[in-house]
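Following: one structure in structure tokens, then a few remarks.
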Amino acid sequence: MDPAVLPTPDDVMGLLRGVIDPELGSNIVELGMAKGATVGVDGVVVVTIALTTAGCPLRAQIQKDIRARLESLPGVTAVRIEWTELTQDEKAAAMAKARFNVAQDAPDTEVPPTTKVIMVASGKGGVGKSSVTVNLAAGLASRGFTVGVLDADIWGYSVPRMLGVEGRLEGSPGEKKILPNEVEIGDGRLKVVSMGFLVDHEESALMWRGLMLNRAVQHFLEDVRWGDMDYLLIDMPPGTGDVQMGLAKLLPRAEMIIITTPSRSAQKVAVRAANMGRKNYLRIVGVIENMSSFVAPDGSEHAIFGTGGGDELAAEVGVPLLGRVPIDASVADGGDNGRPVALGEGPAAEAFARIIDTIVDEAVPPVEMAGCSARMLDAAMAALDALDAADSGVGSGEGAA
């Protein structure tokens with residue numbers, strides 16, 4: 000294989016910074032769990048991962064995250080993980096680092112480490128990115144998940160209308176935090192934050208420059224009391240500007256879905272969004288082709304905007320095509336009236352259902368915490384505190400003697 004297309008060990012380690020130990024809340028590189036990486040000339044990546052204990056119940060989750068991220072790198076043909084265990088000193092250092100992060104170094108955002116963050120991006124406007132975002136969110140919530148929706152398209156905010164959510168954002172009693180607007184969907188729940196909840200009129204134009212836009216999105220991540228969530232979907236602004244790069248740095252463990260249409264021009268522009276994500280070590284989950292064809296009442300399909308854009312983009316980026324969403328009048332009607340089509344019936348609803356199946360079952364499965372709870376970390380921390388106290392007591396006694 001041409002060495003020019005192979006990732007470097009530094010590229011691999013950089014991408015591993017997006018793999019979070021769900022129990023300790025820090026990335027595996029910072030915790031010293033990622034011991035090293037090699038890249039063979041055949042594209043086989045070998046990483047050495049040391050767990051806090053060989054029987055760690057979160058091993059499967061960590062393995063899944065590592066493979067998902069590394070297998071998305073161009074040039075990678077296979078990923079092999081060599082498992083080992085932290086020494087007692089290394090384990091103490093990892094626990095100390097996790098404890099320090101919790102006690103001294105406030106988290107960069109209010110998004111829990113167990114939340115799967117999905118950025119829904121596009122290279123240009125007009126491809127239906129916001130429509131896809133709200134329908135994925137509503138569909139996930141209808142399956143019992145708690146889903147956050149962050150409308151990061153500050154200039155072009157449209158999520159509130161599309162979801163039928165109204166009301167100003169309120170403050171959290173007793174603390175300087177913002178509470179998202181919430182709505183129940185089936186057995187699940189949506190938590191929504193948008194600039195649309197902060198302006199007096201939906202028609203208000205925000206004439207802000209890049210730094211102000213980036214700061215607004217940062218506030219939405221740092222100052223909103225998101226609480227527990229299975230997923231956080233971010234409706235990204237189109238393109239590859241300040242907001243996109245800022246979000247990539249604030250959420251290094253995020254994953255990205257690229258939206259395109261069948262048009263070749265849209266597909267070529269969408270590649271830029273994928274390249275931006277990869278340069279910031281984000282994993283590209285896959286591609287969704289929106290407005291793929293028009294389905295007539297008699298069931299016949301008509302490729303109004305051409306064909307093949309989604310397939311070509313997926314092939315060029317080296318990721319799967321998650322699905323195609325047809326042109327369906329109910330999509331526009333649902334977006335205008337706050338009734339996401341994913342909650343109804345018809346060709347588009349069926350397409351979204353299949354895409355959501357793929358996301359939940361394969362592409363971005365939720366973090367399963369069964370068999371491993373935060374109480375394990377609390378117990379470990381308490382044991383270390385007791386050991387520290389015992390050591391201090393012994394030292395004092397010897398000094399007195």
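In numbering that gives the first Met the number 0, the protein residues as written are 0 to 400.
C-beta atoms are modelled at their ideal positions from N, C-alpha and C, and glycine is treated no differently.
Quick check on this structure: which residue in the options has the alpha carbon closest to the alpha carbon of residue i?
i	options	result
R68	P6, A93, S121 and K128	P6
P73	V45, V318, I19 and T47	V318
T52	L85, G35, A77 and G39	L85
V146	I48, G195, A59 and T114	T114
P21	F351, V110 and D356	V110
W154	D227, E367, A314 and V198	V198
G35	L23, L15, V270 and D297	L15
K402	E221, A140 and D186	Because residue 402 is not part of the residues shown, which for the chain are 0 to 400, the question remains open.
F196	V131, G42 and A215	A215
Give the range of the beta strand (DSSP E) segment to which residue i is assigned.
i	result
R79	A77 to E84
P365	Unbroken run through P365: none, as it is neither H nor E.
T357	Note, T357: premise wrong, no beta strand (DSSP E); alpha helix (DSSP H) at P346 to T357.
A49	V43 to L50
Leaving aside the five residues before and after residue i along the sequence, list all residues of the same chain whose C-beta is less than 6 Å from its C-beta, in chain order.
i	result
M118	I233, M235, A253 and M255
N279	A247
Can you tell me whether residue i is buried or exposed? The criterion is at least 16 other CB atoms within 10 Å of its CB, across all chains shown.
i	result
K123	buried
E311	buried
N289	buried
N336	exposed
I303	exposed
A102	With a pLDDT of 49 at A102, under the threshold of 50, the predicted position of this residue should be treated as unreliable, and no value is reported.
K190	buried
R188	buried
V223	buried
S121	buried
P172	exposed
Q266	buried
R323	buried
S262	buried
Can you find the residues in the same chain that come closer than 8 Å, C-beta to C-beta, to residue i, ignoring five residues on each side of it along the sequence?
i	result
E300	S292, F293, V294 and P325
K63	P364
Q60	P21, V366 and E367
R142	G185, D186, G187, I355 and V359
L231	V110, T114, K115, V116, I117, V146, G147, V148, L149 and W225
In terms of residue numbering, what span does the alpha helix (DSSP H) encompassing residue i cover?
i	result
E181	Here E181 belongs to no alpha helix (DSSP H); instead the beta strand (DSSP E) covers N180 to I184.
F293	Here F293 belongs to no alpha helix (DSSP H); instead the beta strand (DSSP E) covers R282 to V294.
K63	R58 to L69
A36	Taken as a continuous stretch (DSSP letters only), A36 belongs to no alpha helix (DSSP H), being part of the beta strand (DSSP E) at A33 to V38.
A328	A328 to N336
V11	P8 to L15
Can you name, in chain order, every residue of its own chain whose Cβ lies under 7 Å from the Cβ of residue i, other than the five neighbours on each side?
i	result
R277	I283
T37	P8 and V45
Going by the C-beta, is residue i closer than 7 Å to any heavy atom of the ligand COA?
i	result
H218	Ligands displayed in this structure: none; no statement on the ligand COA is therefore possible.
### Every unbroken beta strand (DSSP E) inside the stretch 105 to 157 [3 residues or more]
115 to 120 and 145 to 150
### Task
Could you pull out every unbroken beta strand (DSSP E) segment of at least 3 residues lying fully inside the stretch 185 to 267, listed in chain order?
187 to 193, 230 to 234 and 254 to 259
#### Entry: alpha helix (DSSP H) segments (min. 4 residues) lying fully within the stretch 294 to 323
308 to 316
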